[in-house]
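Protein chains in written order, with the numbering used here: chain A, 1 to 326; chain B, 1001 to 1326. Note that CB positions come from ideal geometry on N, CA and C, so glycine has one too. The structure presented is a predicted model; accordingly, all values stated were derived computationally and were not measured. Presented below is the structure to which this report refers.
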DNA sequence: GTGAAAGCGCTAACAA
DNA sequence: TTGTTAGCGCTTTCAC
């Protein structure tokens, strides 16, 4: 049999659709007897209200779209899990899209999510020039990404994180420090890490050496870049990587070059997910407060959905995970 | 302004709703001129069809629900990412729910997803006795979990994986081998790993030592269990852990006991995600073919949705990642 | 306390 | 080639 509908319940209980709807939503005056009859009929038919019909009427879906590069990356996987938990507690379901750093895919997702009438969006993906984000007045919150003046950004204190990382390297005596970075044309708060690097190097009269790593390059391609770094910079004695994946790859490549970490090369990563701290506790890294960021993202989105004013930028503090690599 | 609807487009273009709908779905005969008029009006109004209304009519949402323990775990994070990609390519959106190994939450999710009229479900969560799974004739596919006779299971070859792990340990001379396992009351194909362990130990006339690790215990709690293991089994020289997280924790605990890996203790893990191979390449582990499993799960689900018959059990081969821990 | 009827935005028979 | 009308399953005025 097809799924029973409200009408079937009404027929079985011998009441009108209105009454069943009232019981369902606990609205208006109802005699106990009627209520009971209706409940019994619902049970008997295994009745399940159809949310799609409700959504059409109420014009809200209680769904939030998440657009992230990929949950396969521990940072985003953990962020997604935290967001999902907090949205669940706020009564929202989560429609997820992994953009894989592909602008086309991101655009398609955005369209699908809009078509699906999501009540809000949390974006952690990193593509440029997706005009559609501006064409909508859907509540949106960005994570670690500046989208436009109207979309609030949740970020960790990237400048301070960069300073902390550099302090570690400089204290341990590194002088020829390389920084790996994402594309600089992205308006990302993560650029503050680079600024901190540059400022600290300048303050110590040291020349900066920055390599850009494309977001969509494979691990193999990244390794090739890192081999290049080691070849081109014989005196390199420190690396401030913009994330823990890059840091790990660099450590692997360093081994190929017979460079010991930390003896010959100090390495500091970035992100400090639980996963990396579990699997690679020796990696010194800057911990982003994922849970707090998720909490702020969700509460900010809820504020937006309720039409409240929200700050444009929310910055949360980072901490250091002291391993042995720096 | 509110989102424009089909009617607004029709009015602006000076045609009927039907015509606009036809243009939208490219159905029936339409003059080029009319089409153009309609397209222009859609552009002018930034028209976006409302999928909720379409879903109500078509009775399909093109959404698939995913119920997993948590995407924060690399195995599930990668599995979710792969499933999402493949479902996207098949034209489906993904509603995700992290059960956090909480039966109540899993039940709530299931209800929400059913209410939301998802077209299918892929379940990787591990709770027992959720009757609702049987009460529905929604197409469902399970990953690494036996749910009932009617729900197809996608799993990797756990028995062979267990054998491979044990072979590694035995070859390197381990004799007092402990196995850590999930709860045995779950009807999980992962139990085959344990069977393989028991069979191999028996074949070598060795006594089995199995510890059960609750799924919802924290890393700290797990570590406590592992300290116990080392205390209670002074002669232990090998561990076959049921997953890489446990393996990592055991290695950490072993260090507390001044046990060197692999000199004093051989360790083999399970799962072999890209993440663990990146962050902890030294860990010898059994690689589950996540991508292939995701592909089979999706194609099986599609078959189910189309009403085709599907095999009840699909088993995919595992491989060994040879590190230095065994 | 309860019901009849209209409508959420869309699609598809059936006409024209 | 295009329009009229009914209806997807639900909620809510408004009337009794």
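Assuming residue i is part of the alpha helix (DSSP H), what are its boundary residues?
i                       : result
residue 240 of chain A  : Not the alpha helix (DSSP H): residue 240 of chain A falls in the beta strand (DSSP E), residues 238-240.
residue 259 of chain A  : Taken as a continuous stretch (DSSP letters only), residue 259 of chain A belongs to no alpha helix (DSSP H), as it is neither H nor E.
residue 1109 of chain B : 1103-1115
residue 159 of chain A  : 158-171
residue 83 of chain A   : 74-89
residue 142 of chain A  : Run containing residue 142 of chain A: none in the alpha helix (DSSP H); it sits in the beta strand (DSSP E), 140-143.
residue 1197 of chain B : 1191-1203
residue 1224 of chain B : 1219-1232
residue 1040 of chain B : 1032-1045
residue 55 of chain A   : 51-58
residue 25 of chain A   : 17-25
residue 1303 of chain B : 1290-1305
residue 8 of chain A    : 6-13
residue 1136 of chain B : Premise fails: residue 1136 of chain B is in no alpha helix (DSSP H) and is neither H nor E.
If you measure from the beta carbon of residue i to each beta carbon in chain A, is any gap under 8 angstroms?
i                       : result
residue 1096 of chain B : yes
residue 1276 of chain B : yes
residue 1325 of chain B : no
residue 1171 of chain B : no
residue 1036 of chain B : no
residue 1307 of chain B : no
residue 1310 of chain B : no
residue 1078 of chain B : yes
residue 1004 of chain B : no
residue 1139 of chain B : no
residue 1074 of chain B : yes
Could you give the C-beta distance for residue i and residue j, rounded to a whole number, given that I count them as a contact under 8 angstroms?
i                       : j                       : result
residue 1061 of chain B : residue 94 of chain A   : Contact flag wrong, Cβ pair sits at about 15 angstroms.
residue 1226 of chain B : residue 1253 of chain B : 4 angstroms
residue 304 of chain A  : residue 139 of chain A  : 4 angstroms
residue 1144 of chain B : residue 1190 of chain B : 6 angstroms
residue 1142 of chain B : residue 1068 of chain B : 11 angstroms between Cβ atoms; not a contact.
residue 1148 of chain B : residue 1129 of chain B : Contact flag wrong, Cβ pair sits at about 11 angstroms.
residue 161 of chain A  : residue 270 of chain A  : 7 angstroms
residue 71 of chain A   : residue 1080 of chain B : 5 angstroms
residue 1110 of chain B : residue 1326 of chain B : Not confirmed; about 39 angstroms, so no contact.
residue 1213 of chain B : residue 1180 of chain B : 5 angstroms
Taking 8 angstroms as the threshold (beta carbon to beta carbon), is residue i in contact with chain B?
i                      : result
residue 216 of chain A : no
residue 93 of chain A  : yes
residue 248 of chain A : yes
residue 134 of chain A : no
residue 18 of chain A  : no
residue 128 of chain A : no
residue 71 of chain A  : yes
DSSP puts residue i in a beta bridge; with which residues?
i                       : result
residue 313 of chain A  : A/153
residue 250 of chain A  : In DSSP, residue 250 of chain A forms no bridge with anything.
residue 284 of chain A  : A/268
residue 120 of chain A  : A/64
residue 1179 of chain B : B/1210, B/1240
What is the residue span of the beta strand (DSSP E) that residue i lies within?
i                       : result
residue 1130 of chain B : No beta strand (DSSP E) holds residue 1130 of chain B; DSSP gives it neither H nor E.
residue 98 of chain A   : 93-98
residue 1063 of chain B : 1063-1068
residue 1320 of chain B : 1319-1321
Report the residues of the segment 41-69 of chain A with a CB closer than 7 angstroms to any CB of chain B, ordered along the chain.
For the segment 41-69 of chain A, the set of positions with a beta-carbon nearer than 7 angstroms to some beta-carbon of chain B reads 46, 48, 49, 50, 51, 52, 53, 55, 56, 61 in chain order.
Quick one, which residues of the segment 193-222 of chain A are near chain B if we go by CB-CB under 8 angstroms, in chain order?
Answer set for the segment 193-222 of chain A: 219.
Name the residues in the segment 225-245 of chain A whose C-beta lies less than 7 angstroms from a C-beta of chain B; which are they?
If you check each beta-carbon in the segment 225-245 of chain A against every beta-carbon of chain B, the ones closer than 7 angstroms belong to 245.
Going along the segment 102-124 of chain A in order, which residues come within less than 9 angstroms of chain B, judged by CB to CB distance?
Here the close residues are 105, 108, 109, 111, 112, 113, 114, 115, 116, 117.
What residues from the segment 1080-1091 of chain B come within 9 angstroms of chain A, judged by C-beta to C-beta, listed N to C?
Only 1080, 1081, 1082, 1084, 1085, 1088 from the segment 1080-1091 of chain B bring a Cβ to less than 9 angstroms from some Cβ of chain A.
What residues in the segment 257-285 of chain A bring their beta carbon closer than 9 angstroms to a beta carbon of chain B?
Residues of the segment 257-285 of chain A with a C-beta less than 9 angstroms from any C-beta of chain B: 273, 274, 275, 276, 278, 279, 280, 281, 283, listed in chain order.
Anything in the segment 155-189 of chain A with a Cβ closer than 8 angstroms to a Cβ of chain B? List those residues in chain order, please.
Those residues of the segment 155-189 of chain A placed with their C-beta closer than 8 angstroms to a C-beta in chain B do not exist.
Name the residues in the segment 1283-1305 of chain B whose C-beta lies less than 7 angstroms from a C-beta of chain A; which are they?
Contact residues of the segment 1283-1305 of chain B toward chain A are absent (C-beta to C-beta distance below 7 angstroms).
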